[in-house]
Each structure stands twice: as C-alpha cells, then as structure tokens.
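Going by our numbering, the first residue of the sequence shown is number 3, and it counts up by one from there. Note that the Cβ used here is the ideal one computed from N, Cα and C, for glycine as well. As the structure is a computational prediction, the values presented were derived from the model and not from experiment. Some notes on the structure that comes next.
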Amino acid sequence: LVSFVAAGMTAEANDFWTSVDIDPANRILYLQLALAVVVPTTMALAAEIAERERIVAMLARAEAERGAAFEQSELAGRVEVANLQARALRESAEQLSRSVSVDDVAAVAVAAVRHWGADHSAFFVLQDERMALRAIGGPEGPSGALYGEMALSADTPLTPAIKLGPPLVAGP
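The following block contains the structure:
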C-alpha cells in the first residue's frame, strides 16, 4: 500500500519526470514497471532473510542438542567407569576380608591390581629393612609366592616409595 501511494505521488511530481525526460502519458507505465520489479524483489529478499534466520536458529538448536547429548554421553561413561571401579573395589575388599594370612592377602592384592588393568603386579612385605616378595602376577597369570628378598638399600623404583611408607601403584 505504501509503495502504491508513493508511486501515485511520484507520478504527479512533475519536477522528477522532467529530469528523466519521460512524457506524461508513459509515467504511470514506468512506475508500474518499477513497482513490478522492486516490490517482488523486496519480498523475495525478505523471505530469503527470514529463511536464513530460521536455518540459523535451527542450526543453533541442533548444536545445543548435540552438545547436551555429548555431555550426557560423557557423564554416562564416567558413571559407568565409577560403577565398575566401585564394584571392583567392593569385590577386592570382600576377598581381602576373607584372607587369613599374608600370602592370602598377597594373592588377592596381585589379582586385584591385575583385574584393574595392570600388566604386572607384585606384593612385597617389609621385614627387617628388607623387601620380601610374596606374590607376583604377569601376562601369564599369578605365579604364586616367590619369597625373594631385596635390601631396602637396593637402587630400585620401589625402595624410595617403601621407605616413605605409602603403598605404590605404578603404571601408565
């Protein structure tokens, strides 16, 4: 409506038409042709802009949903790992509670560490400034009590940790 009112006003504006040298009989025809090009072009441009805005909103929503799904997947993975670790700890604690000797504890500890993913595990007992090997496990499975001994003064990765007191779990 606004464009047609503007066209009517322009058709009556003599100064404009004399500057472009169009006779009065063709003024309305040229205005109608200009409106026939300008109005649909403007509407098509507005429709394209609206479509692009809709696509941008849809992409933003899809990205947000993907991010939420990824976070949910990560959280589910962490929960699953935590549940597996809790179950492994519970099973190890039950087995350790049934142990009646140092050799039983050594066998359970070696098996537990292997079950948690270590390639090799060993259990040492500290006796009179010496480390006594009570159980060891490797890729072939537990190899039982070996009763090997090593002085705490030996230069190994285990001796500093044993001297400090806390248990050592070494691995990747």
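Judged by their CB atoms, ARG116 and VAL127 are not nearer to each other than the 7 Å cut-off. The segment 74-94 makes contact with the segment 110-124, as at least three CB pairs between them are under 8 Å. Rounded to whole angstroms, the Cβ separation of ILE138 and VAL102 is 21 Å, and the two are not in contact under 8 Å. Contact annotation, GLU131 with ALA153: C-beta distance approximately 7 Å; criterion of less than 8 Å satisfied. Counted as a single uninterrupted DSSP element, the beta strand (DSSP E) harbouring GLU151 occupies residues 151-153.
In the three-state reduction of the DSSP assignment, ALA124 falls in the strand class. Beyond the five residues adjoining it in sequence on each side, PHE125 comes within less than 6 Å, by CB distance, of ALA108, ALA111, VAL112, ARG136, ALA137 in the same chain, given in chain order. A distance below 8 Å between beta-carbons, with the five flanking residues on each side excluded, links ALA90 to the following residues of its chain, in chain order: ALA114, HIS117, TRP118.
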